[in-house]
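*Asks:* Could you have a look at this structure, given as structure tokens, before my questions?
There are 2 protein chains.
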Amino acid sequence: MREQSARTAALVLCIVSYLLVGAAVFDALESEAESGRKRLLAQKRSELRRKYGFSAEDYRELERLALQAEPHRAGRQWKFAGSFYFAITVITTIGYGHAAPGTDSGKVFCMFYALLGIPLTLVTFQSLGERLNALVRRLLLAAKRCLGLRRPRVSPENMVVAGLLVCAGTLALGAAAFAHFEGWTFFHAYYYCFITLTTIGFGDFVALQNDEALQRKPPYVAFSFLYILLGLTVIGAFLNLVVLRFLAAGADAPERAARPLRPGAPESRGPAHRAGLLSISCRLHRLELCARDNPGFSPPASPGAGGGQTRRPPARRKSI
Amino acid sequence: MREQSARTAALVLCIVSYLLVGAAVFDALESEAESGRKRLLAQKRSELRRKYGFSAEDYRELERLALQAEPHRAGRQWKFAGSFYFAITVITTIGYGHAAPGTDSGKVFCMFYALLGIPLTLVTFQSLGERLNALVRRLLLAAKRCLGLRRPRVSPENMVVAGLLVCAGTLALGAAAFAHFEGWTFFHAYYYCFITLTTIGFGDFVALQNDEALQRKPPYVAFSFLYILLGLTVIGAFLNLVVLRFLAAGADAPERAARPLRPGAPESRGPAHRAGLLSISCRLHRLELCARDNPGFSPPASPGAGGGQTRRPPARRKSI
Numbered sequence: 001m002r003e004q005s006a007r008t009a010a011l012v013l014c015i016v017s018y019l020l021v022g023a024a025v026f027d028a029l030e031s032e033a034e035s036g037r038k039r040l041l042a043q044k045r046s047e048l049r050r051k052y053g054f055s056a057e058d059y060r061e062l063e064r065l066a067l068q069a070e071p072h073r074a075g076r077q078w079k080f081a082g083s084f085y086f087a088i089t090v091i092t093t094i095g096y097g098h099a100a101p102g103t104d105s106g107k108v109f110c111m112f113y114a115l116l117g118i119p120l121t122l123v124t125f126q127s128l129g130e131r132l133n134a135l136v137r138r139l140l141l142a143a144k145r146c147l148g149l150r151r152p153r154v155s156p157e158n159m160v161v162a163g164l165l166v167c168a169g170t171l172a173l174g175a176a177a178f179a180h181f182e183g184w185t186f187f188h189a190y191y192y193c194f195i196t197l198t199t200i201g202f203g204d205f206v207a208l209q210n211d212e213a214l215q216r217k218p219p220y221v222a223f224s225f226l227y228i229l230l231g232l233t234v235i236g237a238f239l240n241l242v243v244l245r246f247l248a249a250g251a252d253a254p255e256r257a258a259r260p261l262r263p264g265a266p267e268s269r270g271p272a273h274r275a276g277l278l279s280i281s282c283r284l285h286r287l288e289l290c291a292r293d294n295p296g297f298s299p300p301a302s303p304g305a306g307g308g309q310t311r312r313p314p315a316r317r318k319s320i
Numbered sequence: 001m002r003e004q005s006a007r008t009a010a011l012v013l014c015i016v017s018y019l020l021v022g023a024a025v026f027d028a029l030e031s032e033a034e035s036g037r038k039r040l041l042a043q044k045r046s047e048l049r050r051k052y053g054f055s056a057e058d059y060r061e062l063e064r065l066a067l068q069a070e071p072h073r074a075g076r077q078w079k080f081a082g083s084f085y086f087a088i089t090v091i092t093t094i095g096y097g098h099a100a101p102g103t104d105s106g107k108v109f110c111m112f113y114a115l116l117g118i119p120l121t122l123v124t125f126q127s128l129g130e131r132l133n134a135l136v137r138r139l140l141l142a143a144k145r146c147l148g149l150r151r152p153r154v155s156p157e158n159m160v161v162a163g164l165l166v167c168a169g170t171l172a173l174g175a176a177a178f179a180h181f182e183g184w185t186f187f188h189a190y191y192y193c194f195i196t197l198t199t200i201g202f203g204d205f206v207a208l209q210n211d212e213a214l215q216r217k218p219p220y221v222a223f224s225f226l227y228i229l230l231g232l233t234v235i236g237a238f239l240n241l242v243v244l245r246f247l248a249a250g251a252d253a254p255e256r257a258a259r260p261l262r263p264g265a266p267e268s269r270g271p272a273h274r275a276g277l278l279s280i281s282c283r284l285h286r287l288e289l290c291a292r293d294n295p296g297f298s299p300p301a302s303p304g305a306g307g308g309q310t311r312r313p314p315a316r317r318k319s320i
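Spelled out as structure tokens, the structure:
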């Protein structure tokens with residue numbers, strides 16, 4: 001118990017430090033540019049105001065209208081296709097926000113929808129990820145056999161490397177596709193895929209927002225939806241593989257020293273002993289052992305995973 | 001294997017149906033209102049255009065400026081406090097998008113930052129959630145002893161009910177606080193907390209965007225950060241409790257019928273038998289048994305986890 005509390009405290013300290021470092025770096029990278037953009041915007045704004053002689057109130061009204069009109073410019077967001085897209089962003093927790101419920105009943109339904117949908121999605125991606133890992137393991141075994149190895153075996157390291165390659169490939173494939181369909185640079189499309197599949201989903205880039213694609217380009221719409229769902233499976237399966245490995249390594253070491261695991265030991269010696277044997281570290285250690293031996297095994301996956309942009313590359317409001 | 005594939009297929013079918021139903025309901029709830037708002041906006045826009053007589057191009061420029069200026073209006077987003085806030089939204093995958101990296105180097109750093117930060121956050125919340133569940137279990141045991149029960153025992157159902165109450169309480173507390181500080185209605189603040197703590201993070205409501213709070217109200221800033229991190233712990237711990245229970249129930253049934261679990265059975269009868277015994281369902285079943293017996297146990301948590309608004313309640317552009 002005390003070890004667990006110490007480990008928790010250490011992790012919290014780690015996170016706080018990580019946030020402080022991140023904040024410092026983002027400040028250094030973005031603050032300067034923010035000031036520059038702010039000055040430029042203020043300049044352009046006063047030029048327009050001088051040209052037309054807007055009153056302060058009318059100008060604010062114009063700005064408000066512009067902000068509210070933005071999603072409409074991107075097409076109908078709440079027809080079936082748009083609603084389906086929105087529903088995906090809810091249950092996968094991507095949450096671009098390119099559209100958000102405007103009515104109170106929409107907000108209420110959204111919350112209940114998420115309440116049931118998110119756990120359902122987690123369970124589904126766990127299942128899909130496990131199947132994917134099983135498939136990858138089978139393919140690796142077959143490949144090793146083809147290479148003529150006498151006792152082919154797929155190690156955890158093989159799986160991690162394979163996982164990395166599949167993830168990178170998925171991101172690159174998506175980047176190429178969205179760069180082509182949305183007119184983004186490859187880098188911005190890659191960034192979009194990354195932010196989507198980690199479910200961060202800023203919404204600075206959102207697919208299907210150009211040329212009323214939601215209504216006019218059903219094949220592209222279908223591709224986008226499939227990409228998000230398959231991509232999340234891939235990232236989730238890999239994240240799980242890596243995170244569980246770390247959990248097993250971290251939780252295991254101090255307790256493994258105290259209680260060596262004996263494969264033949266009977267389990268029933270009383271509840272205390274059973275509880276001891278079946279402590280978290282033991283369980284995780286066994287999970288790890290079985291991950292090696294059992295091709296079908298994959299621990300519960302938590303999906304990790306993002307947005308479109310208007311035609312004009314100078315970013316939507318969020319990229320300040 | 002075949003059962004696992006069938007289960008996966010069933011889950012996928014389930015998700016697709018869930019999305020179809022969700023899309024239909026969102027369409028019904030929001031489409032009408034969207035058309036209404038669009039008409040109203042177009043009307044107001046033409047009134048202003050008639051009044052000032054600006055060209056189509058200048059109007060588009062105005063709209064672009066308004067969109068780009070919006071985050072600036074909410075204050076400096078990339079000073080240290082704002083960057084810290086942004087860093088939180090990245091590693092927790094909330095991703096409001098109220099600010100997003102404008103520079104390419106910011107985008108690159110953001111991706112690497114997320115790559116390491118997200119797994120680190122998952123592990124930390126798993127650890128914190130486990131400690132929280134342990135504390136809740138201890139409190140429940142103590143409460144039952146106080147009530148004079150002779151053999152106090154905390155059942156999984158007790159834990160789920162307690163979890164629900166803690167989650168609801170967390171949301172209500174946050175709603176009250178943000179309604180007060182941001183000037184939102186209680187309902188909108190509750191919606192904000194929900195969307196934040198499930199990490200959907202639309203960004204239609206974002207805290208700390210009024211009155212330059214990031215620079216001027218350090219206590220409120222600290223409160224907001226703490227609320228997000230503690231709230232995610234609570235929601236993550238509960239989600240895990242519930243999701244694992246479902247995983248154990250779902251994965252267990254067909255295999256349990258085939259292989260009854262005998263407490264005293266030795267484990268080493270050969271790799272096939274061991275693999276069979278240590279199949280996923282067996283493991284999950286044991287995890288469930290130990291969740292009952294071991295006060296400290298809690299399965300890996302995936303954090304689930306909200307947005308600010310400008311002073312004028314008529315929503316930011318996203319709530320169309």
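So the protein sequences, as listed, match chains A and B.
Note that UniProt numbering has the first sequence beginning at 1, numbered continuously upward.
Note that UniProt numbering has the second sequence beginning at 1, numbered continuously upward.
Glycine included, each C-beta is placed from N, C-alpha and C at the ideal position.
Treat the numbers as computed from the prediction; the structure is a model and nothing was measured.
Would you kindly work out how many angstroms separate the C-alpha atoms of E182 of chain B and A23 of chain A, rounded to a whole number?
*Replies:* 24 angstroms
*Asks:* For T103 of chain B versus L29 of chain A, is the C-beta spacing smaller than 8 angstroms?
*Replies:* yes
*Asks:* Below 7 angstroms CB to CB, which residues in the same chain sit around L128 of chain A once its five sequence neighbours on both sides are set aside?
*Replies:* T233
*Asks:* What does V25 of chain A touch in chain B if you count any residue whose Cβ is under 7 angstroms from its own?
*Replies:* Ordered by position in chain B, the residues that pass the 7 angstroms Cβ test against V25 of chain A are F109.
*Asks:* Is the Cβ of G231 of chain A closer than 8 angstroms to any Cβ of chain B?
*Replies:* no
*Asks:* Under 8 angstroms between C-beta atoms, does R131 of chain B make it to chain A?
*Replies:* So yes, R131 of chain B belongs to the interface.
*Asks:* Is DSSP giving V206 of chain B helix, strand or coil here?
*Replies:* Note: V206 of chain B maps to strand in three-state DSSP.
*Asks:* Could you tell me the distance, in whole angstroms, from the CA atom of G148 of chain A to the CA atom of L139 of chain A?
*Replies:* 14 angstroms
*Asks:* Take the Cβ of G201 of chain B as the centre, count every other Cβ of all protein chains shown within 10 Å, and call the residue buried at 16 or more, exposed below.
*Replies:* Around the beta carbon of G201 of chain B, a 10 Å sphere encloses 16 or more other beta carbons of the protein chains shown; the residue is thus reported as buried.
*Asks:* Express the C-alpha separation of R50 of chain A and V90 of chain A in angstroms, rounding to a whole number.
*Replies:* Roughly 44 angstroms separates the two Cα atoms.
*Asks:* Would you please verify whether the beta carbon of R145 of chain A is less than 8 angstroms from any beta carbon of chain B?
*Replies:* no
*Asks:* Give the residues of chain A in contact with D104 of chain B, contact being defined as C-beta atoms less than 8 angstroms apart.
*Replies:* Per Cβ cutoff of 8 angstroms: F187.
*Asks:* Quick one: which chain A residues come within Cβ less than 9 angstroms of V242 of chain B?
*Replies:* P119
*Asks:* Is it a yes or a no for the region 101-121 of chain B touching the region 198-216 of chain B, going by three-plus beta-carbon pairs under 8 angstroms?
*Replies:* Per the Cβ contact rule, the region 101-121 of chain B is not in contact with the region 198-216 of chain B (fewer than 3 Cβ pairs under 8 angstroms).
*Asks:* Quick one: what's got a C-beta closer than 7 angstroms to V160 of chain B's C-beta in the same chain, skipping five residues either side?
*Replies:* If we look at V160 of chain B and ignore the five residues flanking it on each side, its Cβ neighbours are L241 and V242.
*Asks:* Whole-angstrom Cβ separation of A66 of chain B and E63 of chain A, contact assumed at under 8 angstroms?
*Replies:* 4 angstroms
*Asks:* For A33 of chain A, return the contacting residues in chain B, with the cut-off set at a CB-CB distance below 7 angstroms.
*Replies:* What A33 of chain A touches in chain B, judged by beta-carbon distance under 7 angstroms, is G102 and T103, going in chain order.
*Asks:* Give me, in chain order, the residues of the same chain whose beta-carbon lies closer than 7 angstroms to that of Y220 of chain B; leave out the 5 immediate sequence neighbours on both sides.
*Replies:* F181 and A213
*Asks:* To the nearest angstrom, how far is it from the Cα of S31 of chain A to the Cα of Q77 of chain B?
*Replies:* 8 angstroms
*Asks:* Of all Cβ atoms in chain B, is any one closer than 8 angstroms to the Cβ of F80 of chain A?
*Replies:* Closer than 8 angstroms: yes.
*Asks:* Which residues, in chain order, does the region 197-226 of chain A contribute to contact with chain B at a C-beta distance below 9 angstroms?
*Replies:* If the cut-off is 9 angstroms between Cβ atoms, the region 197-226 of chain A has T198, T199, I200, G201, F202, G203, D204, F205 and F225 near chain B.
*Asks:* Can you tell me whether V21 of chain B is buried or exposed? The criterion is at least 16 other CB atoms within 10 Å of its CB, across all chains shown.
*Replies:* exposed
*Asks:* Mapping DSSP to helix, strand and coil, what is D58 of chain B?
*Replies:* In this structure, D58 of chain B counts as helix in the three-state DSSP scheme.
*Asks:* Are three or more beta carbon pairs between the region 41-48 of chain A and the region 93-100 of chain B nearer than 8 angstroms?
*Replies:* Flag = no, the region 41-48 of chain A and the region 93-100 of chain B do not touch.
*Asks:* Compare the C-beta of D65 of chain A against all C-beta atoms of chain B and say whether one is closer than 8 angstroms.
*Replies:* In the sequence as presented, Asp is not what sits at residue 65 of chain A; that position holds Leu. With 8 angstroms as the cut-off, L65 of chain A counts as an interface residue toward chain B.
*Asks:* Here's a check: name, in chain order, each residue in its chain whose Cβ is nearer than 8 angstroms to the Cβ of F186 of chain A, leaving out the five neighbours to either side.
*Replies:* Within the same chain, F186 of chain A has close Cβ partners A175, A176 and A179.
*Asks:* Note the first and the last residue of the continuous alpha helix (DSSP H) segment covering E157 of chain A.
*Replies:* P156 to E182
*Asks:* Closest to L19 of chain A by CA distance: which of B:A81, B:F205, B:G53 and B:S17 is it?
*Replies:* B:A81
*Asks:* Return the residues of the region 2-18 of chain B that lie within a Cβ-Cβ distance of less than 7 angstroms from chain A, sorted by chain order.
*Replies:* Q4, S5, R7, T8, L11, V12, C14, I15 and Y18
*Asks:* Below 8 angstroms between beta carbons: does that hold for T121 of chain B and I195 of chain A?
*Replies:* no
*Asks:* Measuring CA to CA, which of A:G203, A:M111 and A:H188 is closest to V25 of chain B?
*Replies:* A:M111
*Asks:* Any beta-carbon of chain A closer than 8 angstroms to the one on L122 of chain B?
*Replies:* Look at L122 of chain B: its C-beta is under 8 angstroms from a C-beta on chain A.
*Asks:* Hey, does S127 of chain A have any beta-carbon neighbour from chain B nearer than 8 angstroms?
*Replies:* Cβ-Cβ to chain B under 8 angstroms: yes for S127 of chain A.
*Asks:* Can you find a CB in chain A that lies within less than 8 angstroms of the CB of S83 of chain B?
*Replies:* At a cut-off of 8 angstroms between C-beta atoms, S83 of chain B counts as an interface residue with respect to chain A.
*Asks:* Provide the residue span of the alpha helix (DSSP H) that contains G148 of chain B, from first to last.
*Replies:* No alpha helix (DSSP H) contains G148 of chain B, which DSSP labels as neither H nor E.
*Asks:* Please work out which residues of its chain come closer than 8 angstroms, Cβ to Cβ, to V136 of chain A, disregarding the five sequence neighbours upstream and downstream, and give them in chain order.
*Replies:* M159, A162, G163 and V166
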